[in-house]
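Report on the structure given below.
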Amino acid sequence: MEAGTTASTSWPVELRDVSVTYPNGTKALQNVSLRVEPGEMVSIVGLSGSGKSTLIRTINGLVQATSGEVSVGPYAMVGLKGRRLREARGHIGMIFQGFNLAERTDVFHNVLVGRFAHSSAFRTLLGLPSKTDRELALRALDSVGMLEKVWSRANALSGGQKQRVAIARALTQEPSVMLADEPVASLDPPTAHGVMSDLRRINREQGLTVLVNIHLMDLARQYTTRMIGLRDGRLVYDGPAAAATDADFEQIYGRPIQARDKLESQA
Amino acid sequence: MTTRELVVPPRPGNRIRNSLIIAAFVAFTVATCIPAIGGIELDVASIARNWRNGADKMLQLMQPNFEFLPRTWAPMLETLQMALVGAVGAAIVSIPLTLWAARPTNPNSFTRHVVRTIVNINRAVPDLVFATVLVAMVGVGALPGVITLFLFNIGIIVKLVSEAIDSADHGYMEAGRAAGGTQLKINRVTALPQSLPLFANQWLYSLELNVRISAILGIVGAGGIGRLLDERRAFYAYADVSIIILEILVVVILIEILSNLLRRRLV
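In order, the protein sequences belong to chains A and B. Reading the first sequence from the start, the letters are residues 940 to 1206 in our numbering. Reading the second sequence from the start, the letters are residues 355 to 621 in our numbering.
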């Protein structure tokens, strides 16, 4: 874990009065303000369509806020373009529901994607990673227990293995903030716990700021310290995750709790 | 189990519409064969009048002159060389052009449309026109043939592969962007290996086409076996023509078998 502890400092994330309206007129986020301190582990809870994915994507600029301000460490993300935007993204790791690996490429090169913002175009085009990049990629794979699969093709891995490779890809960036968009929604319950534990371990051992979108209330309670609730693009809850009552969840969901809101009931 | 009467929902009644469509097609096809209203003139009776002229030639074609075979080796080798050089050249140039012409690998709609327009114009020119013009420009021989095949292959590969890339799923691109990668780096490390089977398929197909087409290109002076074919035909040496046609047939079939074998390995 030496490589992990050498990672750069952890950053705060702040949204001030952020709204996002898509070109088709959908108001995905409306006047959301929140501040996440460095080293916090925060879950963002809500039904699908509540604006969770949009919220997390405004943080790394995959979605541009229509109004308001987003700051991540020293970067003001709204309106950021080109080289500065890529530089900022280089400090923000992200994992996805669908893993987003290049399926026909081996694990090693998938993880090297995490060095994009830190490596020269020349080396990337020639396919010659620097010694540092290679070392970082292998250490990250080792930290999620995937080193022995380094030369396997991504499409030969199971879902849980793919998500761990995706975590390694994000760690290879040496990020200051980690974003996760529904990281366990495509996984079976034991694997889901494994991936959530990995995220918590990264948060605790490296003190990394982690924001994770999740629609399952028991995982939010168990793994995160603070919870943000979204309903119809508005922030409707912000408080400690463990103390959130069923009534709080019903308020976030806008309906009574159902079996599918918990992972346990699906096991 | 009891045999209960099945309640099958009524089949949607498209019969009238379908028969109208078929009737329209038949009417249109018949109309194109009526000269009185501008259709093409099909003088079927001429077959009966003239078949004897063809019959002598057919008889000669039925008796291939195997003694002529040694004289065909060199031109056939030239044809194969032209086919290979044209296909390899096109394969190399097709990589950047295709990635420029596909939406996921080139989000800039201006440059994308420039490349697509150029390729479409290229595709609109028949190969014999290219060959005729090039023979006039660079002289009789293998060079105009190679350039013709190269241009012809570029059109096919770029169009078919870029459309296949357009319709494929590219989740890994979002990961590359989130990590701060430029489109060039994303294409090089992930999109290219991901699309390689699509490319390989068309590269092999263009090699197949080239052997077939370069046999014809010789007729307008663009080198290879076609030139010999044209020469023997001009001397009414149909037994020689026959052996050349047989040879082309055998070579084309061999190339097809070979490329099918390769294709199975690649995918």
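Yeah, the Cβ is synthetic: ideal placement off N, Cα and C, and Gly gets one too. Computed from a predicted model, the values in this text were never measured in an experiment.
For residue i, the three-state DSSP class (helix, strand or coil)
| i | result |
| --- | --- |
| residue 1032(A) | strand |
| residue 1097(A) | coil |
| residue 523(B) | coil |
| residue 1192(A) | helix |
| residue 365(B) | coil |
| residue 398(B) | coil |
| residue 457(B) | coil |
| residue 1166(A) | strand |
| residue 518(B) | helix |
| residue 1183(A) | coil |
| residue 1015(A) | strand |
| residue 430(B) | helix |
| residue 358(B) | coil |
| residue 372(B) | helix |
| residue 416(B) | coil |
| residue 513(B) | helix |
| residue 495(B) | coil |
| residue 1039(A) | coil |
| residue 448(B) | helix |
| residue 388(B) | coil |
| residue 436(B) | helix |
| residue 992(A) | helix |
| residue 421(B) | helix |
Partners in chain B for residue i, counting only beta-carbon separations shorter than 8 angstroms
| i | result |
| --- | --- |
| residue 1026(A) | 534 |
| residue 1029(A) | 533, 534 |
| residue 1060(A) | 536, 538, 539 |
Per-residue contacts from residue i into chain B (C-beta, under 9 angstroms)
| i | result |
| --- | --- |
| residue 1112(A) | 533, 534 |
| residue 1108(A) | 529, 533 |
| residue 1033(A) | 528, 529, 532, 533 |
Which residues DSSP lists as bridging residue i, in chain order
| i | result |
| --- | --- |
| residue 953(A) | 974(A), 1010(A) |
| residue 1152(A) | 983(A), 1120(A) |
| residue 1092(A) | 1045(A) |
| residue 1222(A) | With chain A running from 940 to 1206 in the structure shown, residue 1222(A) is simply not present. |
| residue 393(B) | Paired residues: none, contrary to the question. |
Distance, residue j Cα to residue i Cα
| i | j | result |
| --- | --- | --- |
| residue 402(B) | residue 371(B) | 41 angstroms |
| residue 392(B) | residue 467(B) | 38 angstroms |
| residue 509(B) | residue 516(B) | 11 angstroms |
| residue 1201(A) | residue 1051(A) | 35 angstroms |
| residue 435(B) | residue 1036(A) | 50 angstroms |
| residue 1069(A) | residue 1055(A) | 12 angstroms |
| residue 1095(A) | residue 1042(A) | 8 angstroms |
| residue 940(A) | residue 1183(A) | Confidence at residue 940(A) is low in this model, with a pLDDT of 37, below 50, so its placement is unreliable and the value that follows should be read with caution. Their Cα atoms are separated by approximately 33 angstroms. |
| residue 1072(A) | residue 537(B) | 19 angstroms |
| residue 504(B) | residue 543(B) | 27 angstroms |
| residue 1105(A) | residue 1038(A) | 6 angstroms |
| residue 414(B) | residue 591(B) | 8 angstroms |
| residue 1146(A) | residue 1115(A) | 9 angstroms |
| residue 614(B) | residue 500(B) | 24 angstroms |
| residue 1076(A) | residue 426(B) | 57 angstroms |
| residue 1203(A) | residue 513(B) | 50 angstroms |
| residue 596(B) | residue 584(B) | 12 angstroms |
| residue 530(B) | residue 609(B) | 39 angstroms |
| residue 1118(A) | residue 1158(A) | 16 angstroms |
Within chain B, the residues that residue i reaches when beta carbons sit closer than 7 angstroms
| i | result |
| --- | --- |
| residue 1063(A) | 539, 542, 543 |
| residue 1055(A) | 530, 533, 534, 535, 539 |
| residue 1051(A) | 543 |
| residue 1037(A) | 525 |
| residue 970(A) | Simply none; closest approach about 25 angstroms. |
| residue 999(A) | 532 |
Interface partners of residue i on chain A, CB under 9 angstroms
| i | result |
| --- | --- |
| residue 548(B) | 1041, 1042, 1043, 1044 |
Endpoints, beta strand (DSSP E) assigned at residue i
| i | result |
| --- | --- |
| residue 566(B) | Where residue 566(B) is concerned, there is no enclosing beta strand (DSSP E), although the alpha helix (DSSP H) it sits in stretches over 546 to 571. |
| residue 1120(A) | 1116 to 1120 |
| residue 1179(A) | 1173 to 1179 |
Extent of the continuous alpha helix (DSSP H) run through residue i
| i | result |
| --- | --- |
| residue 540(B) | 537 to 540 |
| residue 585(B) | 579 to 588 |
| residue 999(A) | Where residue 999(A) is concerned, there is no enclosing alpha helix (DSSP H), given that its DSSP letter is neither H nor E. |
| residue 467(B) | 463 to 478 |
| residue 1133(A) | 1128 to 1145 |
| residue 484(B) | 481 to 492 |
| residue 608(B) | 592 to 620 |
| residue 1074(A) | 1070 to 1082 |
| residue 1061(A) | 1060 to 1065 |
Short CB-CB distance (under 8 angstroms) between residue i and chain E
| i | result |
| --- | --- |
| residue 1048(A) | This model lacks chain E altogether; the protein chains it does include are A and B. |
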